[in-house]
Amino acid sequence: MITLRSASVSAAPAARLARASTKVTYPSLLSAAKVSSISRPTTSSLSSSTSRAHFRSIPSYRSFTCTARSMAETRAETDAFGEVHVPADKYWGAQTERSLENFKINQPQDRMPPPIVRAFGILKGAAATVNMHFGLDPTIGKAIQQAAAEVADLKLLDHFPLVVWQTGSGTQSNMNANEVISNRAIEILGGTMGSKKPVHPNDHVNMSASSNDTFPTVMHIAAVLEIEEELIPAIRSLRDALQAKVVEFEAKKIIKIGRTHLQDATPLTLAQEFSGYVAQLDYGLARIQSSLPDLRLLAQGGTAVGTGINTYKGFAEAIAAEVTKMTGKHFSTAPNKFEALAAHDALVQASGSLNTVASSLFKIAQDIRFLGSGPRCGLGELSLPENEPGSSIMPGKVNPTQAEALTMVCAQVMGNHHATTIGGMNGQFELNVFKPLIIRNVLHSIRLLADASRSFEKNLVAGLTANEEKIASIMQESLMLVTCLNPRIGYDAASKVAKNAHKKGLTLRESAVELGALSAEEFDRLVRPELMVGPEEYVPKA
Numbered sequence: 001m002i003t004l005r006s007a008s009v010s011a012a013p014a015a016r017l018a019r020a021s022t023k024v025t026y027p028s029l030l031s032a033a034k035v036s037s038i039s040r041p042t043t044s045s046l047s048s049s050t051s052r053a054h055f056r057s058i059p060s061y062r063s064f065t066c067t068a069r070s071m072a073e074t075r076a077e078t079d080a081f082g083e084v085h086v087p088a089d090k091y092w093g094a095q096t097e098r099s100l101e102n103f104k105i106n107q108p109q110d111r112m113p114p115p116i117v118r119a120f121g122i123l124k125g126a127a128a129t130v131n132m133h134f135g136l137d138p139t140i141g142k143a144i145q146q147a148a149a150e151v152a153d154l155k156l157l158d159h160f161p162l163v164v165w166q167t168g169s170g171t172q173s174n175m176n177a178n179e180v181i182s183n184r185a186i187e188i189l190g191g192t193m194g195s196k197k198p199v200h201p202n203d204h205v206n207m208s209a210s211s212n213d214t215f216p217t218v219m220h221i222a223a224v225l226e227i228e229e230e231l232i233p234a235i236r237s238l239r240d241a242l243q244a245k246v247v248e249f250e251a252k253k254i255i256k257i258g259r260t261h262l263q264d265a266t267p268l269t270l271a272q273e274f275s276g277y278v279a280q281l282d283y284g285l286a287r288i289q290s291s292l293p294d295l296r297l298l299a300q301g302g303t304a305v306g307t308g309i310n311t312y313k314g315f316a317e318a319i320a321a322e323v324t325k326m327t328g329k330h331f332s333t334a335p336n337k338f339e340a341l342a343a344h345d346a347l348v349q350a351s352g353s354l355n356t357v358a359s360s361l362f363k364i365a366q367d368i369r370f371l372g373s374g375p376r377c378g379l380g381e382l383s384l385p386e387n388e389p390g391s392s393i394m395p396g397k398v399n400p401t402q403a404e405a406l407t408m409v410c411a412q413v414m415g416n417h418h419a420t421t422i423g424g425m426n427g428q429f430e431l432n433v434f435k436p437l438i439i440r441n442v443l444h445s446i447r448l449l450a451d452a453s454r455s456f457e458k459n460l461v462a463g464l465t466a467n468e469e470k471i472a473s474i475m476q477e478s479l480m481l482v483t484c485l486n487p488r489i490g491y492d493a494a495s496k497v498a499k500n501a502h503k504k505g506l507t508l509r510e511s512a513v514e515l516g517a518l519s520a521e522e523f524d525r526l527v528r529p530e531l532m533v534g535p536e537e538y539v540p541k542a
């Protein structure tokens, strides 16, 4: 839970709140849904806490707004390079504006993910709390806390315009957060935006910090929150839906033919087949959870190169404790800050677990898609829900769209992991410089897998049924039932029965009788599919 500390608040001038702008809404990477521009919060609307439901209501990677403006609608801000004109209705400052101009790379679609913005708000609020114990003026600290809480609530998302394609340390995005929080805190205290008084973006908001330890810290915070709040519940829910099908099929005692190498094999139950899918997701969840302990280690306190210059003893531990308090998730300070800044093995490992889950989901979706092929000329063992028309030219055609969407998501996650691996190896000496790419891909994979799993569960798994007649028909035609005769008549004799049946178009029963391998009665007694779906008890020969 994120708690807002009290601070004196002055209302923003009405002229500043009015927007003389043109709003352009960009389509989502995951959803075509549109959201309205996230405007500057009013002081009466501030919440004392943030809930998971609240964050779910603010789409991630879905849509953003941008503003067209003229020079008359700007204000002057300054940095070490001089004066820069910034939109008058935006909280960001000179360094953010320079980054917007210098990195026009797929704007605005590749903006820094909202979970990173949320994590910045959490971290900056925690830093203000801790820094007040190390000399930060409480009036300034409380204003920073309030502004940071608004960032964490994603109320100021429209003021974070930068794309991930920037400096590899994430410095521009860290300064974006510093400038937004500084200007909002100045406004809260009744000052003039852009003046850096009484709240300075570097001296106060970024106190005791560097982009080099701040950005890896928000990377870990964002990853943990997204995994625990989004991904794990979605995968677990899909797992439970598949387990419900196991129970349903087990009750019906549906026996079907197995397939290996895409060829007929010995029988198994449909419940057994689906139990394999459940086990894959159980192992996948365990792998994801096993990646969390290393993600809970925070780099904050390492500052520029890991030595902790410009911080105080106890600062790093206090930051981790405050982030834990604010989020309700356990975090601790990284024991070695040099590794925490220079490498991102924890995120590469987490991405690897996502890659493995994607591999599992691809197999599951592919199997279900093939088992549902047809309706008349395919396997047709499963009947899949019919959600929408499937063809613009073939009337009545319905396609397995959910399975296709999920497999495409899995392919994207695998690509993200490859890029993340390359990003992870690009730490030179004391700093990894692929940080934005790494976290963008990890968060993208998390949200893709979570959303696609929910969609697959709701729109396919919940409504799929077994085509019992087709399953029985296919099984009776299989020659692989002959396998159960191996212990009785031997492998070579059983092979002759199968080959003779295939060559002459006979049933196994007819072939066995014709070759004199078994009588019809013996065949019926021995070849019973219900006895072929598990091991038998060993009975020693007398």
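Counting in this note's numbering, the sequence shown tops out at residue 542, every number present. Glycine included, C-beta positions come from ideal geometry on N, C-alpha and C.
* **Spatial distance of G390 from L460 (CA atoms)** => The alpha-carbon of G390 is positioned some 15 Å away from that of L460.
* Asked: Within the chosen definition, does the stretch 252 to 261 reach the stretch 278 to 296 through at least 3 CB pairs nearer than 8 Å?
  -> no
* Look at K347 and E430 and say whether their C-beta atoms are less than 8 Å apart. => According to the sequence shown, residue 347 is Leu rather than Lys. No.
* Asked: Do the stretch 218 to 235 and the stretch 435 to 443 make contact, defined as three or more Cβ pairs closer than 8 Å?
  -> yes
* To do: Taking only the alpha-carbon atoms, compute the straight-line gap between S39 and K90 and give it to the nearest angstrom.
  => Low confidence applies here, because S39 scores a pLDDT of 38, under 50, leaving its location unreliable and the question unanswered by this model.
* C-alpha distance - A149 paired with F362, whole-angstrom precision -> The alpha-carbon atoms of A149 and F362 are separated by roughly 39 Å.
* Shortest alpha-carbon distance to S360 belongs to which of S383, W92, Y277? -> Y277
* CB V199 to CB A177, shorter than 8 Å? -> no
* **Ranges of the alpha helix (DSSP H) found wholly within the stretch 237 to 298, counting only runs of at least 4** => 270 to 295
* Asked: Are T74 and P87 touching if we call contact CB-CB under 8 Å?
  -> yes
* Look at the alpha carbon of V357 and the alpha carbon of P540, and state the distance between them as a whole number of angstroms. => 44 Å
* Asked: Can you list, in chain order, the stretches of the alpha helix (DSSP H) that have 4 or more residues and sit fully within the stretch 197 to 236?
  -> 211 to 226
* **Residues that N432 bridges to, as DSSP identifies them** => G427
* **Nonlocal neighbours in the same chain, by C-beta distance under 7 Å from P138, ignoring five residues either side** => Excluding residues within five positions, the ones whose Cβ falls inside 7 Å are M132.
* Output the distance between the C-alpha atoms of A517 and Q476, rounded to the nearest integer angstrom. => 19 Å
* From M480 to A498, what distance separates their C-alpha atoms? -> Each residue's alpha carbon lies about 8 Å from the other.
* May I have the straight-line CA-CA distance separating T167 from G141, to the nearest angstrom? => 28 Å
* **Residue interval of the alpha helix (DSSP H) (run including A128)** => Start and end: 114 to 131.
* **Residues near I58 by beta carbon distance below 6 Å, same chain, minus five either side** => Bear in mind that the predicted position of I58 carries a pLDDT of just 46, short of 50, making it unreliable; the figure below should be weighed with that in mind. Cβ contact annotation for I58 (same chain, cutoff 6 Å, sequence separation greater than five): L154, in chain order.
* Supposed close pair A520, F456 - CB separation, criterion 8 Å -> Between F456 and A520 the Cβ distance is about 47 Å, and since that is not below 8 Å, they are no contact.
* To do: Pull up the DSSP beta-bridge partners for D492, would you.
  => Assignment of beta-bridge partners to D492 by DSSP yields no partner.
* Any non-hydrogen atom of the ligand NAP within 7 Å of P87 CB -> This structure lacks the ligand NAP, and indeed carries no ligand of any kind.
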